[in-house]
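Below is one structure, written out as structure tokens, with a few remarks after it.
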Amino acid sequence: MNVRSSEERQFEEAVAIANIPTLLMVLVQLTGDERWLEAPFRPVRVRGMSDNDSGGLTEAAQSEVREAALKAILAWRAGRPVALPEPAPAMLVRMLSVAMAENVPSEYGSFTAAQLGQIPLLNPSGIDVPDDFHVIIIGAGVSGLCAAINLDAAGIKHTIFEKNSTVGGVWWQNSYPGAGVDTPNHLYSFSFATYDWSKYFALRDELHDYLEQVSVKFDVRKDIRFDTQVNSAVYHAADQHWVVAVQTADGCIETHTANVVISAVGAFNPPVYPDIEGADSFEGESWHTAHWPQGADISGKKVAIIGNGATCMQIGPEIQHDVESLTIFQQSNHWAAPFEQFRREVPQPIRFLLSEVPLYQTWYRVRLGWTFNDRIHSALQRDPDWVHPERSLNAQNDAHRAYFTDYVKNELGDRVDDLLDKVLPTYPPFGKRMLMDNGWYRMLTNPKVQLVDDRVTRIASDRLITEDGSEYEADVLVYATGFDVLRFIDSFNVIGRSGRTLREVWEDDNAKAYMGTVVPDFPNFFTLYGPNLQPGHGGSLIFVVEMQVNYIMDVLRKMATNKLGAVECRQDVHDRYNDSVDRAHEDMVWTHPGMQTYYRNERGRIVVNSPWRNVDFFAMTREANLVEYQTEPLRG
Ligand SMILES: Cc1cc2nc3c(=O)[nH]c(=O)nc-3n(C[C@H](O)[C@H](O)[C@H](O)COP(=O)(O)OP(=O)(O)OC[C@H]3O[C@@H](n4cnc5c(N)ncnc54)[C@H](O)[C@@H]3O)c2cc1C
Numbered sequence: 134m135n136v137r138s139s140e141e142r143q144f145e146e147a148v149a150i151a152n153i154p155t156l157l158m159v160l161v162q163l164t165g166d167e168r169w170l171e172a173p174f175r176p177v178r179v180r181g182m183s184d185n186d187s188g189g190l191t192e193a194a195q196s197e198v199r200e201a202a203l204k205a206i207l208a209w210r211a212g213r214p215v216a217l218p219e220p221a222p223a224m225l226v227r228m229l230s231v232a233m234a235e236n237v238p239s240e241y242g243s244f245t246a247a248q249l250g251q252i253p254l255l256n257p258s259g260i261d262v263p264d265d266f267h268v269i270i271i272g273a274g275v276s277g278l279c280a281a282i283n284l285d286a287a288g289i290k291h292t293i294f295e296k297n298s299t300v301g302g303v304w305w306q307n308s309y310p311g312a313g314v315d316t317p318n319h320l321y322s323f324s325f326a327t328y329d330w331s332k333y334f335a336l337r338d339e340l341h342d343y344l345e346q347v348s349v350k351f352d353v354r355k356d357i358r359f360d361t362q363v364n365s366a367v368y369h370a371a372d373q374h375w376v377v378a379v380q381t382a383d384g385c386i387e388t389h390t391a392n393v394v395i396s397a398v399g400a401f402n403p404p405v406y407p408d409i410e411g412a413d414s415f416e417g418e419s420w421h422t423a424h425w426p427q428g429a430d431i432s433g434k435k436v437a438i439i440g441n442g443a444t445c446m447q448i449g450p451e452i453q454h455d456v457e458s459l460t461i462f463q464q465s466n467h468w469a470a471p472f473e474q475f476r477r478e479v480p481q482p483i484r485f486l487l488s489e490v491p492l493y494q495t496w497y498r499v500r501l502g503w504t505f506n507d508r509i510h511s512a513l514q515r516d517p518d519w520v521h522p523e524r525s526l527n528a529q530n531d532a533h534r535a536y537f538t539d540y541v542k543n544e545l546g547d548r549v550d551d552l553l554d555k556v557l558p559t560y561p562p563f564g565k566r567m568l569m570d571n572g573w574y575r576m577l578t579n580p581k582v583q584l585v586d587d588r589v590t591r592i593a594s595d596r597l598i599t600e601d602g603s604e605y606e607a608d609v610l611v612y613a614t615g616f617d618v619l620r621f622i623d624s625f626n627v628i629g630r631s632g633r634t635l636r637e638v639w640e641d642d643n644a645k646a647y648m649g650t651v652v653p654d655f656p657n658f659f660t661l662y663g664p665n666l667q668p669g670h671g672g673s674l675i676f677v678v679e680m681q682v683n684y685i686m687d688v689l690r691k692m693a694t695n696k697l698g699a700v701e702c703r704q705d706v707h708d709r710y711n712d713s714v715d716r717a718h719e720d721m722v723w724t725h726p727g728m729q730t731y732y733r734n735e736r737g738r739i740v741v742n743s744p745w746r747n748v749d750f751f752a753m754t755r756e757a758n759l760v761e762y763q764t765e766p767l768r769g
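Here the working numbering is used: the first residue of the sequence shown is 134, the next is one more, and so on.
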């Protein structure tokens, strides 16, 4: 059998099970034939976040699409050019509207073009900086890697200091059972580095492998100093540079200078422990989820977990069958959405299609981008006339509540009477990050599992005692109590132009930055994954970081072109921006009075989440406008 026919068979097998709405978009681009955007091929909208694999088309229409798609893919493979290589923005909006079976606003044209690679999301063409121009990046997780790859492409010398022994950040550090993403990986990956994901939602090892491979493929490691912790960065205005003090693995302190510092230290650090009387007296083993011991054996043990957030939701279903008992102390409840592909393997033929047909890969990603990002944004806005403000924000959000409630009831089965009130949030859906249900509700019906809706106030030897005086025995105690997310950039001390620390300027937990990226009084300093950037309405942080890096590269380009030595965001620009962030939040779900989240600081201000849609942040970060900065010519 020749190679060609075996490849044909692989395509045939893949197209036979491929996602119809995605295939339709591939067909339109490959053939230029717009009849695939009309009835009887127009997909029908489905509820929830499902991929809508059949598109709701009749069997006959599906067969027609698959047959035509196979023919078009094979012809393209044999050399026929793509008929519509770069559809115009209006056409892209029309296509996306058909693919999602809903009206996508016209402003999504160039945004979609960028996601399809027609407009580079990142534009790191050569930047002509002086020979001794140097950038220091702190951290080699997703953010640090993204910055380094783009600086490299622009020909800008840089060093990354990373306190760990390898790259990956949270995906290196968090190795608890079930650790993984709740954003689908064909979306949660760099736009410039696709990957052959084995699962739709990868687990930690694969996520870490991906980032390792990215660091090798883009030759980033040569510029990384591992096992090197940055202690401080101090701006020297007279020299227009930063002095960065680091501690190496053998304890030596070194100082390095740089024209620009990019902080990429992440937000999910350090781990937080609850203040519980007698915690030290616990006789068994205990650890925080961020420090899950390698090879820890919990089989046959009585395991207690304090905290039931995103992390516990991943761990519980994973370990429930191995342990003797699992007691979970609930701190607050969460909404979790059904998603048919959560934890599923990507079938081999689909992996082949995603790898071999870039248009299939990008359209699959674009569709996920709509489902998991901006589609939900309007449902998170408060309707001032809404009649049930205590439970939801508007009619659409109330419909989400009804839909998710039915789902939870169904999952709890005959335990609905005793569990529903305990698990069902009173606050509106999406008030906290929407989690993916990986069998959490079913796990709660396992007789080995007990959900305690009361606070642990005391620990005494092998017992956890709750507020109402009840006692629970445990051999192993796991703290799933999260991270100090509110104190941005807490792992090193930053001192700006006037001698004030960033901690002081940010009043400890009230971090603010212009577009989450630059802060007045801290010239030539950028913060990736900074304040008010987390896409709380869902989606991938990687996208946000790419947008930030695009913006930073444009600032550097303009510094080089205009021969500037220092750029510092203007205070009035920064303040106006942050006022608009706060105003936008006033009407959004995260300021709903019915819940507490790690998004809000002590004074009630949202500091973690972004109020913007991705399309807004995309527009804001396309180009840097130096009118918004105080600038100084390059000296010396
Ligand atoms: C369990 C878990 C699940 C998540 N799931 C999702 C998801 O589904 N979707 C999503 O969008 N986001 C998710 N996130 C958020 C996640 O943090 C981001 O997506 C992203 O990985 C952040 O990358 P980063 O590089 O900004 O930060 P990090 O990954 O935290 O990397 C920061 C790096 O900086 C280093 N560092 C810190 N301080 C110093 C210092 N002083 N000196 C030297 N090095 C230093 C650290 O060692 C680390 O390597 C999740 C986070 C966690 C913890």
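Positions of the beta carbon are idealized from the N, C-alpha and C atoms, including for glycine.
Distance, residue j Cα to residue i Cα
| i | j | result |
| --- | --- | --- |
| F616 | W425 | 14 Å |
| T164 | A216 | 5 Å |
| E410 | G564 | 31 Å |
| R500 | L229 | 7 Å |
| L545 | Q453 | 16 Å |
| M134 | R575 | Low local confidence applies: a pLDDT of 47 at M134 is under 50, so the model's placement there is unreliable, and no value is given. |
| R534 | N466 | 14 Å |
| L674 | R733 | 19 Å |
| T614 | R768 | 49 Å |
| G698 | E167 | 52 Å |
| P471 | P310 | 20 Å |
| Y536 | W503 | 20 Å |
| D623 | R636 | 8 Å |
Buried versus exposed call for residue i [16 or more other C-beta atoms within 10 Å across all chains shown]
| i | result |
| --- | --- |
| D570 | buried |
| R620 | buried |
| Y406 | exposed |
| E171 | exposed |
| R566 | buried |
| A211 | exposed |
| K296 | buried |
| R736 | exposed |
| D184 | buried |
| I150 | exposed |
Which of helix, strand or coil DSSP assigns to residue i
| i | result |
| --- | --- |
| K296 | coil |
| L486 | helix |
| I150 | helix |
| I448 | helix |
| M134 | Unreliable positioning characterises M134 in this predicted model, as indicated by a pLDDT of 47, which lies under 50. The coordinate reading is nonetheless provided below. M134: coil per DSSP, three-state reduction. |
| P522 | coil |
| M576 | helix |
| I289 | coil |
| H707 | helix |
| A247 | helix |
Closest by C-alpha distance to residue i, when choosing among the options
| i | options | result |
| --- | --- | --- |
| F144 | R175, L190, P176 and W209 | W209 |
| Y560 | L584, V159, I448 and H521 | H521 |
| R508 | Q529, P222 and R477 | Q529 |
| L255 | A593, V231, V262 and A246 | A246 |
| L459 | S432, V479, F485 and F659 | S432 |
| L225 | F472, Y241 and S348 | Y241 |
| S258 | Q306, D264, N236 and I289 | I289 |
| K434 | M446, P450, E451 and E457 | E457 |
| A286 | V262, R484 and S308 | V262 |
| P220 | R591, V161 and Q464 | V161 |
| F266 | C279, L284 and S308 | L284 |
| V148 | F294, E451, G272 and R199 | R199 |
| K645 | N742, D554 and W330 | N742 |
| V177 | D184, G189 and D166 | G189 |
| T730 | G669, A151, E146 and A335 | G669 |
| P558 | Q463, F325, E192 and R736 | Q463 |
| A437 | E604, E192 and D372 | E604 |
| C279 | I260, D264 and G302 | G302 |
| E765 | K691, G737 and G727 | K691 |
| G671 | L203, P317 and N307 | P317 |
| V627 | S365, D720 and S713 | S365 |
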